[in-house]
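See structure below.
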Amino acid sequence: MRGGSRTHGAALVTAPSPARFLDELVALLKLAWPIVIAQLGMSVMNLVDTALVGPRGPEALAGLALGGTMYFGIVILGIGTLMSLDAHVSQAFGAGDDAGCRSGLVQGIWTAALLTPPLILALTWAPDVLVACGFDPATAALARLYLDPLRWGVPFGLLFVVHRSFLSAVGVTRPLLVSALLANIANVGLDLWFLDGGWFLPALGVEGVAWATALCRVILLLPVAWVAWFRTDMRRFVTTSWALDVVVVRHLLSIGVPVGLQYFAEVSAFSGAAILMGILGPEPLAAHQVALSASSMAFMVPLGLGAAGAVRVGQAVGRRDGHGLSLAAWTVLAVGGAWSLLGAAAFTLVPERIAGFFGVTGEVFALSLDLIAIAALFQISDSIQAVAVGVLRGLADTRAGFALALFGYAALALPMGILGAIVLSDDPRWIWWGLFAGLSAAAVGMCLRIRVQLRRHQVLFT
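Numbering (the working numbering), first residue to last: 1284 to 1745.
Okay, here's the thing in C-alpha coordinates:
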(Lines of atoms letter the chains of each structure in order from A and count residues from 1; the text may use other names and numbers.)
(Lines give C-alpha, C1' and ligand atoms only; values in the text may rest on other atoms or scores of the structure.)
Protein backbone atom coordinates (compact mmCIF):
# COMPACT_ATOMS: atom_id res chain seq x y z
CA MET A 1 0.00 0.00 0.00
CA ARG A 2 1.14 3.56 -0.64
CA GLY A 3 1.82 5.89 2.27
CA GLY A 4 0.41 9.38 2.66
CA SER A 5 -3.00 10.42 1.38
CA ARG A 6 -4.66 11.47 -1.86
CA THR A 7 -7.70 13.61 -2.41
CA HIS A 8 -9.93 12.28 -5.19
CA GLY A 9 -13.19 14.16 -5.70
CA ALA A 10 -14.93 14.22 -2.35
CA ALA A 11 -13.13 11.13 -1.03
CA LEU A 12 -10.01 11.17 1.07
CA VAL A 13 -8.07 7.93 0.64
CA THR A 14 -5.64 7.29 3.47
CA ALA A 15 -3.14 4.50 3.86
CA PRO A 16 -4.27 1.86 6.38
CA SER A 17 -2.45 1.40 9.66
CA PRO A 18 -0.14 -1.62 9.98
CA ALA A 19 -2.59 -3.13 12.49
CA ARG A 20 -5.48 -2.93 10.02
CA PHE A 21 -3.36 -4.40 7.25
CA LEU A 22 -2.42 -7.28 9.55
CA ASP A 23 -6.08 -7.85 10.43
CA GLU A 24 -6.99 -8.00 6.75
CA LEU A 25 -4.08 -10.35 6.02
CA VAL A 26 -5.17 -12.72 8.79
CA ALA A 27 -8.81 -12.63 7.62
CA LEU A 28 -7.72 -13.30 4.02
CA LEU A 29 -5.47 -16.22 4.90
CA LYS A 30 -8.06 -17.73 7.24
CA LEU A 31 -10.56 -17.70 4.39
CA ALA A 32 -8.08 -18.65 1.69
CA TRP A 33 -6.12 -21.60 3.05
CA PRO A 34 -8.94 -24.17 2.82
CA ILE A 35 -9.75 -22.92 -0.70
CA VAL A 36 -6.09 -23.15 -1.70
CA ILE A 37 -5.69 -26.66 -0.32
CA ALA A 38 -8.90 -27.74 -2.04
CA GLN A 39 -7.59 -26.27 -5.31
CA LEU A 40 -4.28 -28.06 -4.78
CA GLY A 41 -6.26 -31.23 -4.21
CA MET A 42 -7.85 -30.82 -7.64
CA SER A 43 -4.40 -30.35 -9.18
CA VAL A 44 -3.03 -33.37 -7.30
CA MET A 45 -5.75 -35.47 -8.93
CA ASN A 46 -4.47 -34.35 -12.34
CA LEU A 47 -0.87 -35.01 -11.31
CA VAL A 48 -1.75 -38.53 -10.17
CA ASP A 49 -3.56 -39.19 -13.45
CA THR A 50 -0.57 -37.95 -15.44
CA ALA A 51 1.98 -39.85 -13.33
CA LEU A 52 0.08 -43.14 -13.69
CA VAL A 53 -0.45 -42.76 -17.43
CA GLY A 54 3.08 -41.44 -18.16
CA PRO A 55 4.92 -44.82 -18.01
CA ARG A 56 2.46 -46.22 -20.58
CA GLY A 57 4.21 -44.23 -23.32
CA PRO A 58 4.01 -40.84 -25.07
CA GLU A 59 0.92 -41.83 -27.09
CA ALA A 60 -1.16 -42.53 -23.98
CA LEU A 61 0.14 -39.39 -22.27
CA ALA A 62 -0.59 -37.35 -25.41
CA GLY A 63 -4.19 -38.64 -25.39
CA LEU A 64 -4.57 -37.64 -21.75
CA ALA A 65 -3.02 -34.23 -22.46
CA LEU A 66 -5.21 -33.49 -25.46
CA GLY A 67 -8.39 -34.81 -23.85
CA GLY A 68 -7.73 -32.94 -20.63
CA THR A 69 -7.01 -29.63 -22.30
CA MET A 70 -10.09 -29.96 -24.50
CA TYR A 71 -12.26 -30.82 -21.50
CA PHE A 72 -11.17 -27.81 -19.47
CA GLY A 73 -11.20 -25.59 -22.54
CA ILE A 74 -14.91 -26.29 -22.92
CA VAL A 75 -16.11 -26.78 -19.33
CA ILE A 76 -14.29 -23.66 -18.11
CA LEU A 77 -17.03 -21.66 -19.84
CA GLY A 78 -19.51 -23.10 -17.36
CA ILE A 79 -17.19 -22.94 -14.37
CA GLY A 80 -16.30 -19.30 -15.02
CA THR A 81 -19.92 -18.34 -15.57
CA LEU A 82 -20.94 -19.86 -12.23
CA MET A 83 -18.18 -17.92 -10.47
CA SER A 84 -20.51 -14.93 -10.70
CA LEU A 85 -21.86 -16.30 -7.42
CA ASP A 86 -18.66 -15.06 -5.75
CA ALA A 87 -19.75 -11.47 -6.33
CA HIS A 88 -23.53 -11.99 -6.02
CA VAL A 89 -23.52 -13.93 -2.74
CA SER A 90 -20.58 -12.15 -1.07
CA GLN A 91 -22.11 -8.74 -1.74
CA ALA A 92 -25.46 -9.95 -0.36
CA PHE A 93 -23.66 -11.37 2.69
CA GLY A 94 -21.78 -8.11 3.25
CA ALA A 95 -25.09 -6.24 3.12
CA GLY A 96 -26.66 -8.63 5.66
CA ASP A 97 -29.12 -10.08 3.12
CA ASP A 98 -29.34 -13.75 4.18
CA ALA A 99 -32.32 -14.45 1.90
CA GLY A 100 -30.37 -13.02 -1.03
CA CYS A 101 -27.49 -15.39 -0.27
CA ARG A 102 -29.74 -18.47 -0.41
CA SER A 103 -31.52 -17.15 -3.49
CA GLY A 104 -28.13 -16.90 -5.18
CA LEU A 105 -27.44 -20.56 -4.40
CA VAL A 106 -30.82 -21.69 -5.76
CA GLN A 107 -30.47 -19.66 -8.93
CA GLY A 108 -26.89 -20.87 -9.29
CA ILE A 109 -28.24 -24.42 -9.39
CA TRP A 110 -30.71 -23.37 -12.10
CA THR A 111 -27.88 -21.76 -14.04
CA ALA A 112 -25.77 -24.93 -13.79
CA ALA A 113 -28.71 -26.96 -15.09
CA LEU A 114 -29.06 -24.65 -18.08
CA LEU A 115 -25.34 -24.83 -18.88
CA THR A 116 -24.97 -28.62 -18.64
CA PRO A 117 -26.55 -29.82 -21.95
CA PRO A 118 -24.58 -27.54 -24.31
CA LEU A 119 -21.33 -28.36 -22.53
CA ILE A 120 -21.92 -32.12 -22.85
CA LEU A 121 -22.75 -31.72 -26.54
CA ALA A 122 -19.58 -29.69 -27.10
CA LEU A 123 -17.48 -32.40 -25.43
CA THR A 124 -19.17 -35.03 -27.60
CA TRP A 125 -18.35 -33.21 -30.84
CA ALA A 126 -14.88 -31.93 -29.93
CA PRO A 127 -12.80 -34.87 -31.29
CA ASP A 128 -14.70 -34.76 -34.58
CA VAL A 129 -13.90 -31.07 -34.90
CA LEU A 130 -10.21 -31.84 -34.39
CA VAL A 131 -10.23 -34.47 -37.15
CA ALA A 132 -12.11 -32.11 -39.48
CA CYS A 133 -9.38 -29.53 -38.87
CA GLY A 134 -6.73 -32.01 -39.97
CA PHE A 135 -5.56 -33.30 -36.59
CA ASP A 136 -4.02 -36.78 -36.39
CA PRO A 137 -7.04 -39.16 -36.19
CA ALA A 138 -5.18 -41.62 -33.94
CA THR A 139 -4.42 -38.98 -31.31
CA ALA A 140 -7.95 -37.58 -31.61
CA ALA A 141 -9.28 -41.10 -30.99
CA LEU A 142 -7.24 -41.29 -27.78
CA ALA A 143 -8.71 -37.96 -26.73
CA ARG A 144 -12.22 -39.32 -27.40
CA LEU A 145 -11.54 -42.29 -25.12
CA TYR A 146 -10.88 -39.76 -22.36
CA LEU A 147 -13.68 -37.30 -23.15
CA ASP A 148 -16.58 -39.70 -23.64
CA PRO A 149 -16.69 -40.95 -20.03
CA LEU A 150 -15.59 -37.64 -18.50
CA ARG A 151 -18.49 -35.66 -19.97
CA TRP A 152 -20.97 -37.42 -17.64
CA GLY A 153 -19.26 -35.79 -14.68
CA VAL A 154 -20.06 -32.29 -15.97
CA PRO A 155 -23.33 -31.69 -14.03
CA PHE A 156 -21.75 -32.80 -10.75
CA GLY A 157 -18.68 -30.64 -11.37
CA LEU A 158 -20.80 -27.57 -12.08
CA LEU A 159 -22.93 -28.13 -8.97
CA PHE A 160 -19.74 -28.43 -6.94
CA VAL A 161 -18.66 -25.00 -8.22
CA VAL A 162 -22.05 -23.53 -7.25
CA HIS A 163 -21.90 -24.86 -3.68
CA ARG A 164 -18.21 -24.03 -3.31
CA SER A 165 -18.83 -20.43 -4.35
CA PHE A 166 -21.79 -20.10 -1.99
CA LEU A 167 -19.91 -21.49 1.01
CA SER A 168 -16.82 -19.38 0.29
CA ALA A 169 -18.91 -16.22 -0.09
CA VAL A 170 -20.46 -16.69 3.38
CA GLY A 171 -17.06 -17.50 4.92
CA VAL A 172 -17.44 -21.29 5.31
CA THR A 173 -14.50 -22.92 3.55
CA ARG A 174 -13.29 -25.85 5.65
CA PRO A 175 -15.80 -28.32 4.14
CA LEU A 176 -13.87 -27.88 0.89
CA LEU A 177 -10.98 -29.73 2.55
CA VAL A 178 -13.19 -32.74 3.25
CA SER A 179 -14.36 -32.83 -0.36
CA ALA A 180 -10.82 -32.57 -1.71
CA LEU A 181 -9.47 -35.24 0.64
CA LEU A 182 -12.21 -37.76 -0.11
CA ALA A 183 -11.96 -37.16 -3.85
CA ASN A 184 -8.18 -37.60 -3.88
CA ILE A 185 -8.31 -40.83 -1.92
CA ALA A 186 -10.99 -42.17 -4.23
CA ASN A 187 -9.10 -41.01 -7.32
CA VAL A 188 -5.96 -43.01 -6.51
CA GLY A 189 -7.92 -46.18 -5.86
CA LEU A 190 -10.19 -45.82 -8.86
CA ASP A 191 -7.28 -44.94 -11.18
CA LEU A 192 -5.34 -48.06 -10.21
CA TRP A 193 -8.44 -50.23 -10.47
CA PHE A 194 -9.71 -48.91 -13.80
CA LEU A 195 -6.28 -48.60 -15.45
CA ASP A 196 -5.13 -52.16 -14.85
CA GLY A 197 -8.47 -53.90 -14.36
CA GLY A 198 -9.47 -56.52 -11.80
CA TRP A 199 -12.56 -57.16 -9.70
CA PHE A 200 -14.66 -58.03 -12.76
CA LEU A 201 -13.33 -55.11 -14.83
CA PRO A 202 -10.95 -55.30 -17.83
CA ALA A 203 -7.98 -52.95 -18.08
CA LEU A 204 -9.41 -49.65 -19.36
CA GLY A 205 -6.28 -47.51 -19.76
CA VAL A 206 -6.87 -43.81 -20.42
CA GLU A 207 -10.62 -44.44 -20.57
CA GLY A 208 -10.48 -45.78 -17.01
CA VAL A 209 -8.79 -42.62 -15.76
CA ALA A 210 -11.66 -40.61 -17.26
CA TRP A 211 -14.29 -42.75 -15.52
CA ALA A 212 -12.43 -42.35 -12.24
CA THR A 213 -12.38 -38.58 -12.65
CA ALA A 214 -16.09 -38.44 -13.49
CA LEU A 215 -16.96 -40.44 -10.36
CA CYS A 216 -14.74 -38.18 -8.26
CA ARG A 217 -16.84 -35.19 -9.37
CA VAL A 218 -19.75 -36.78 -7.49
CA ILE A 219 -17.59 -37.33 -4.42
CA LEU A 220 -16.49 -33.68 -4.52
CA LEU A 221 -20.08 -32.47 -4.55
CA LEU A 222 -21.63 -34.50 -1.75
CA PRO A 223 -19.89 -33.00 1.34
CA VAL A 224 -20.28 -29.35 0.29
CA ALA A 225 -23.90 -29.88 -0.72
CA TRP A 226 -24.68 -31.47 2.64
CA VAL A 227 -23.12 -28.57 4.54
CA ALA A 228 -24.84 -25.91 2.42
CA TRP A 229 -28.30 -27.40 2.89
CA PHE A 230 -28.35 -29.39 6.13
CA ARG A 231 -25.73 -28.11 8.59
CA THR A 232 -27.30 -26.25 11.52
CA ASP A 233 -25.51 -22.93 11.03
CA MET A 234 -26.72 -22.80 7.41
CA ARG A 235 -30.37 -22.63 8.45
CA ARG A 236 -30.12 -18.85 8.77
CA PHE A 237 -30.15 -18.74 4.97
CA VAL A 238 -33.84 -19.48 4.48
CA THR A 239 -35.00 -20.82 1.11
CA THR A 240 -37.93 -18.66 0.03
CA SER A 241 -38.51 -20.24 -3.39
CA TRP A 242 -37.16 -22.93 -5.70
CA ALA A 243 -38.69 -21.30 -8.77
CA LEU A 244 -36.49 -20.10 -11.59
CA ASP A 245 -35.93 -16.35 -11.14
CA VAL A 246 -35.15 -15.00 -14.59
CA VAL A 247 -34.00 -11.64 -13.21
CA VAL A 248 -31.44 -13.19 -10.88
CA VAL A 249 -30.22 -15.71 -13.47
CA ARG A 250 -29.85 -12.90 -16.01
CA HIS A 251 -27.82 -10.93 -13.44
CA LEU A 252 -25.62 -13.95 -12.75
CA LEU A 253 -25.08 -14.45 -16.47
CA SER A 254 -24.27 -10.77 -17.03
CA ILE A 255 -21.46 -11.07 -14.49
CA GLY A 256 -20.51 -14.67 -15.14
CA VAL A 257 -20.45 -14.99 -18.93
CA PRO A 258 -17.51 -12.55 -19.27
CA VAL A 259 -15.71 -14.52 -16.54
CA GLY A 260 -16.38 -17.74 -18.43
CA LEU A 261 -15.18 -16.19 -21.66
CA GLN A 262 -12.12 -14.82 -19.91
CA TYR A 263 -11.17 -18.22 -18.56
CA PHE A 264 -12.05 -19.72 -21.92
CA ALA A 265 -9.61 -17.31 -23.58
CA GLU A 266 -6.88 -18.37 -21.17
CA VAL A 267 -7.58 -22.09 -21.41
CA SER A 268 -7.95 -21.79 -25.18
CA ALA A 269 -4.47 -20.33 -25.32
CA PHE A 270 -3.11 -23.35 -23.46
CA SER A 271 -5.34 -25.70 -25.47
CA GLY A 272 -4.10 -24.02 -28.63
CA ALA A 273 -0.57 -24.52 -27.36
CA ALA A 274 -1.31 -28.22 -26.87
CA ILE A 275 -2.66 -28.47 -30.41
CA LEU A 276 0.44 -26.74 -31.77
CA MET A 277 2.59 -29.15 -29.76
CA GLY A 278 0.60 -32.05 -31.22
CA ILE A 279 1.34 -30.80 -34.70
CA LEU A 280 5.05 -30.94 -33.85
CA GLY A 281 4.71 -34.55 -32.63
CA PRO A 282 3.79 -36.72 -29.62
CA GLU A 283 7.07 -36.00 -27.79
CA PRO A 284 6.58 -32.18 -27.67
CA LEU A 285 2.94 -32.71 -26.66
CA ALA A 286 3.97 -35.09 -23.85
CA ALA A 287 6.60 -32.59 -22.62
CA HIS A 288 3.98 -29.85 -22.75
CA GLN A 289 1.70 -31.97 -20.53
CA VAL A 290 4.49 -32.46 -17.99
CA ALA A 291 5.34 -28.76 -17.74
CA LEU A 292 1.68 -27.75 -17.80
CA SER A 293 0.78 -30.19 -15.01
CA ALA A 294 3.54 -28.78 -12.81
CA SER A 295 2.56 -25.19 -13.62
CA SER A 296 -1.09 -25.96 -12.97
CA MET A 297 -0.30 -27.18 -9.48
CA ALA A 298 1.58 -23.98 -8.67
CA PHE A 299 -1.30 -22.00 -10.20
CA MET A 300 -3.80 -23.50 -7.76
CA VAL A 301 -2.48 -21.31 -4.94
CA PRO A 302 -3.07 -17.91 -6.61
CA LEU A 303 -6.32 -19.25 -8.03
CA GLY A 304 -7.49 -20.04 -4.49
CA LEU A 305 -6.20 -16.68 -3.27
CA GLY A 306 -8.15 -15.00 -6.05
CA ALA A 307 -11.34 -16.77 -4.96
CA ALA A 308 -10.79 -15.61 -1.37
CA GLY A 309 -9.98 -12.12 -2.61
CA ALA A 310 -13.24 -12.04 -4.58
CA VAL A 311 -15.12 -12.81 -1.37
CA ARG A 312 -13.29 -10.20 0.73
CA VAL A 313 -13.74 -7.56 -1.98
CA GLY A 314 -17.39 -8.49 -2.56
CA GLN A 315 -18.20 -8.35 1.14
CA ALA A 316 -16.61 -4.88 1.38
CA VAL A 317 -18.69 -3.73 -1.58
CA GLY A 318 -21.82 -5.05 0.15
CA ARG A 319 -20.91 -3.06 3.28
CA ARG A 320 -20.13 0.00 1.13
CA ASP A 321 -16.74 0.17 2.84
CA GLY A 322 -14.41 1.99 0.46
CA HIS A 323 -11.31 1.79 2.66
CA GLY A 324 -11.93 -1.89 3.44
CA LEU A 325 -12.36 -2.53 -0.28
CA SER A 326 -8.99 -1.03 -1.18
CA LEU A 327 -7.32 -2.83 1.69
CA ALA A 328 -8.79 -6.19 0.65
CA ALA A 329 -7.79 -5.73 -2.99
CA TRP A 330 -4.18 -4.69 -2.45
CA THR A 331 -3.61 -7.23 0.33
CA VAL A 332 -4.56 -10.19 -1.84
CA LEU A 333 -2.50 -8.83 -4.75
CA ALA A 334 0.53 -8.53 -2.44
CA VAL A 335 0.11 -12.08 -1.16
CA GLY A 336 -0.27 -13.38 -4.73
CA GLY A 337 2.90 -11.57 -5.76
CA ALA A 338 4.83 -13.05 -2.83
CA TRP A 339 3.69 -16.55 -3.76
CA SER A 340 4.73 -16.05 -7.37
CA LEU A 341 8.33 -15.45 -6.32
CA LEU A 342 8.37 -18.71 -4.37
CA GLY A 343 6.94 -20.58 -7.35
CA ALA A 344 9.52 -19.10 -9.72
CA ALA A 345 12.32 -20.10 -7.35
CA ALA A 346 11.10 -23.70 -7.12
CA PHE A 347 10.85 -24.09 -10.90
CA THR A 348 14.37 -22.68 -11.27
CA LEU A 349 16.06 -24.72 -8.56
CA VAL A 350 14.62 -28.23 -9.01
CA PRO A 351 13.44 -28.67 -12.63
CA GLU A 352 14.92 -32.19 -12.89
CA ARG A 353 12.90 -33.42 -9.91
CA ILE A 354 9.73 -31.87 -11.29
CA ALA A 355 10.13 -33.53 -14.68
CA GLY A 356 11.32 -36.79 -13.12
CA PHE A 357 8.11 -37.08 -11.08
CA PHE A 358 6.17 -37.89 -14.25
CA GLY A 359 8.34 -40.86 -15.23
CA VAL A 360 9.29 -39.48 -18.65
CA THR A 361 12.69 -40.09 -20.24
CA GLY A 362 14.80 -39.20 -23.25
CA GLU A 363 13.63 -36.43 -25.56
CA VAL A 364 10.45 -35.82 -23.55
CA PHE A 365 12.47 -35.31 -20.35
CA ALA A 366 14.95 -32.93 -21.99
CA LEU A 367 12.25 -30.79 -23.56
CA SER A 368 10.29 -30.78 -20.31
CA LEU A 369 13.27 -29.12 -18.60
CA ASP A 370 13.31 -26.33 -21.20
CA LEU A 371 9.59 -25.69 -20.81
CA ILE A 372 9.78 -25.73 -17.01
CA ALA A 373 12.51 -23.09 -17.19
CA ILE A 374 10.18 -20.81 -19.18
CA ALA A 375 7.32 -21.62 -16.79
CA ALA A 376 9.48 -20.33 -13.94
CA LEU A 377 9.51 -16.90 -15.58
CA PHE A 378 5.78 -16.60 -16.07
CA GLN A 379 4.92 -17.74 -12.53
CA ILE A 380 4.90 -14.07 -11.55
CA SER A 381 2.59 -12.93 -14.33
CA ASP A 382 0.35 -15.98 -13.98
CA SER A 383 -0.06 -15.57 -10.22
CA ILE A 384 -0.79 -11.85 -10.34
CA GLN A 385 -3.36 -12.14 -13.14
CA ALA A 386 -5.10 -15.01 -11.31
CA VAL A 387 -5.46 -12.91 -8.16
CA ALA A 388 -6.45 -9.82 -10.15
CA VAL A 389 -9.24 -11.81 -11.83
CA GLY A 390 -10.64 -12.55 -8.39
CA VAL A 391 -10.54 -8.91 -7.33
CA LEU A 392 -12.35 -7.81 -10.48
CA ARG A 393 -14.91 -10.57 -9.97
CA GLY A 394 -15.59 -9.36 -6.43
CA LEU A 395 -16.15 -5.89 -7.89
CA ALA A 396 -18.54 -7.42 -10.47
CA ASP A 397 -16.30 -5.82 -13.11
CA THR A 398 -15.80 -8.79 -15.42
CA ARG A 399 -16.04 -7.42 -18.95
CA ALA A 400 -12.77 -5.52 -18.73
CA GLY A 401 -10.98 -8.64 -17.52
CA PHE A 402 -12.31 -10.58 -20.49
CA ALA A 403 -11.18 -7.90 -22.93
CA LEU A 404 -7.69 -7.80 -21.42
CA ALA A 405 -7.38 -11.59 -21.43
CA LEU A 406 -8.59 -11.77 -25.02
CA PHE A 407 -5.95 -9.25 -26.08
CA GLY A 408 -3.17 -11.02 -24.19
CA TYR A 409 -3.89 -14.49 -25.48
CA ALA A 410 -5.38 -13.87 -28.93
CA ALA A 411 -3.11 -10.99 -29.95
CA LEU A 412 0.11 -12.12 -28.27
CA ALA A 413 0.25 -15.69 -26.97
CA LEU A 414 -0.98 -17.81 -29.88
CA PRO A 415 0.35 -15.62 -32.73
CA MET A 416 3.79 -15.59 -31.14
CA GLY A 417 3.73 -19.38 -30.73
CA ILE A 418 2.55 -19.98 -34.29
CA LEU A 419 5.10 -17.60 -35.73
CA GLY A 420 8.05 -18.95 -33.75
CA ALA A 421 7.29 -22.68 -33.65
CA ILE A 422 5.46 -23.29 -36.93
CA VAL A 423 6.36 -20.54 -39.43
CA LEU A 424 9.95 -19.60 -38.60
CA SER A 425 11.15 -22.83 -36.97
CA ASP A 426 10.01 -26.07 -35.37
CA ASP A 427 11.19 -25.08 -31.87
CA PRO A 428 8.34 -25.84 -29.40
CA ARG A 429 9.79 -23.46 -26.80
CA TRP A 430 8.41 -20.52 -28.76
CA ILE A 431 4.90 -21.70 -27.89
CA TRP A 432 5.63 -21.24 -24.19
CA TRP A 433 7.33 -17.90 -24.76
CA GLY A 434 4.08 -16.78 -26.37
CA LEU A 435 2.13 -17.89 -23.29
CA PHE A 436 4.47 -15.86 -21.12
CA ALA A 437 3.89 -12.74 -23.21
CA GLY A 438 0.10 -13.13 -23.07
CA LEU A 439 0.04 -13.69 -19.31
CA SER A 440 2.26 -10.66 -18.69
CA ALA A 441 0.09 -8.34 -20.76
CA ALA A 442 -3.09 -9.53 -19.04
CA ALA A 443 -1.58 -9.12 -15.57
CA VAL A 444 -0.47 -5.54 -16.17
CA GLY A 445 -3.78 -4.51 -17.72
CA MET A 446 -5.85 -6.03 -14.91
CA CYS A 447 -3.84 -4.31 -12.18
CA LEU A 448 -4.33 -0.96 -13.89
CA ARG A 449 -8.07 -1.66 -14.16
CA ILE A 450 -8.27 -2.50 -10.46
CA ARG A 451 -6.63 0.81 -9.58
CA VAL A 452 -9.23 2.72 -11.61
CA GLN A 453 -12.12 0.79 -10.08
CA LEU A 454 -10.93 1.29 -6.51
CA ARG A 455 -10.78 5.04 -7.01
CA ARG A 456 -14.28 5.00 -8.46
CA HIS A 457 -15.68 3.06 -5.52
CA GLN A 458 -14.03 5.40 -3.05
CA VAL A 459 -16.11 8.20 -4.53
CA LEU A 460 -19.32 6.12 -4.70
CA PHE A 461 -19.12 5.05 -1.05
CA THR A 462 -18.35 8.52 0.33
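The beta carbon of each residue, even a glycine, is placed where N, CA and C say it ideally should be. A quick note: this is a predicted structure, and the numbers were derived from the prediction, not measured.
Segment limits, alpha helix (DSSP H) that includes residue i
i     : result
V1529 : 1529-1563
G1620 : 1605-1632
Y1429 : 1420-1433
L1650 : 1645-1677
P1317 : 1301-1336
I1705 : Counting along the chain, I1705 falls outside any alpha helix (DSSP H), and DSSP gives it neither H nor E.
T1515 : Note, T1515: premise wrong, no alpha helix (DSSP H); not H, not E.
A1694 : Segment: none, A1694 is in no alpha helix (DSSP H) and carries neither H nor E.
F1719 : 1712-1743
F1443 : 1437-1452
V1372 : 1367-1377
T1407 : 1381-1415
L1484 : Where L1484 is concerned, there is no enclosing alpha helix (DSSP H), given that its DSSP letter is neither H nor E.
Beta-carbon proximity list for residue i, same chain, < 8 Å, skipping 5 on both sides
i     : result
R1533 : none
G1350 : L1425, A1426, R1427, L1428, Y1429, L1430, L1433, V1489, A1493
I1714 : A1556, L1559, M1560, H1571, G1700, G1703, A1704
L1314 : S1451, G1454, T1456, A1591, V1594, R1595
C1730 : L1616, I1667, A1671
Nearest-angstrom Cβ-Cβ length linking residue i and residue j, presumed shorter than 8 Å
i     : j     : result
Q1598 : G1377 : 4 Å
P1410 : A1423 : 5 Å
V1643 : A1569 : 6 Å
A1576 : T1333 : The sequence shown places Ser at residue 1576, not Ala. With 8 Å as the limit, S1576 and T1333 qualify as a contact, their Cβ atoms being about 5 Å apart.
D1474 : A1495 : 5 Å
F1630 : A1658 : 6 Å
R1519 : D1381 : 5 Å
V1600 : L1608 : 6 Å
L1402 : V1437 : 5 Å
D1680 : Q1736 : 6 Å
T1456 : L1450 : 6 Å
V1529 : S1386 : About 13 Å; that fails the 8 Å criterion.
V1372 : L1588 : 19 Å between Cβ atoms; not a contact.
V1550 : I1359 : 5 Å
F1719 : L1632 : Not quite, the Cβ-Cβ distance comes to about 19 Å (not below 8 Å), so this is no contact.
A1405 : I1468 : At roughly 31 Å, the Cβ-Cβ gap does not stay under 8 Å, so A1405 and I1468 are not in contact.
F1744 : D1516 : Actually they are not in contact, since the Cβ atoms of F1744 and D1516 sit about 30 Å apart, beyond 8 Å.
D1393 : L1527 : For the sequence presented, residue 1393 should be read as Trp rather than Asp. Indeed they touch by this definition, with Cβ atoms about 5 Å apart.
Any chain C beta carbon closer than 7 Å to residue i
i     : result
I1403 : Looking at the structure shown, chain C is missing, and only one protein chain is on hand.
Where residue i falls, given that 16 or more other Cβ within 10 Å makes a residue buried
i     : result
F1483 : exposed
P1228 : Nothing about residue 1228 can be read from this structure; the chain reaches only from 1284 to 1745.
T1297 : The pLDDT assigned to T1297 is 48, lower than 50, so where the model puts this residue is not dependable, and the model offers no usable value.
V1795 : In the structure as shown, the chain begins at 1284 and stops at 1745. Residue 1795 is therefore absent and cannot be evaluated.
V1521 : exposed
C1384 : buried
S1537 : exposed
C1416 : exposed
G1379 : exposed
V1309 : exposed
F1355 : buried
P1458 : buried
S1578 : buried
R1636 : exposed
A1574 : buried
D1709 : exposed
L1311 : buried
A1581 : buried
F1513 : exposed
A1293 : Confidence at A1293 is low in this model, with a pLDDT of 39, below 50, so its placement is unreliable and no value can be given for it.
Sequence-distant residues of its chain with Cβ nearer than 6 Å to residue i (five each side left out)
i     : result
R1602 : G1377
G1691 : G1721, A1724, A1725
T1352 : S1554, A1557
G1287 : In this predicted model, G1287 has a pLDDT of only 38, less than 50, meaning its place in the structure is not dependable enough to derive any value.
A1548 : A1688, L1689, Y1692
R1712 : D1653
T1290 : Low confidence applies here, because T1290 scores a pLDDT of 39, under 50, leaving its location unreliable; read the following figure in that light. For T1290, where only same-chain residues beyond five positions count, there are no Cβ hits under 6 Å.
L1503 : F1443, S1462, A1466
V1501 : F1439
V1540 : T1364
A1247 : Nothing can be reported for residue 1247: it is not among the residues displayed for the chain, which extend from 1284 to 1745.
A1302 : none
Y1546 : I1359, G1363
F1477 : L1487, G1491, W1494, A1495
Cutoff 7 Å; reference residue i; Cβ partners in own chain excluding five residues on either side
i     : result
R1676 : M1366, D1369, A1370, V1542, A1593
V1471 : V1331
L1678 : V1596, V1600, Q1736
G1346 : T1422, L1425, A1426, L1428, Y1429, V1489
A1511 : L1388, H1446, F1449, L1450, M1517
F1640 : A1334
Meets three-Cβ-pair contact criterion under 8 Å: the segment 1725-1732 and the segment 1669-1676: yes
The segment 1653-1667 / the segment 1694-1707 touching (three or more Cβ pairs under 8 Å): no
Meets three-Cβ-pair contact criterion under 8 Å: the segment 1618-1625 and the segment 1648-1655: no
Cβ pair count under 8 Å reaching 3, the segment 1318-1331 against the segment 1397-1411: no
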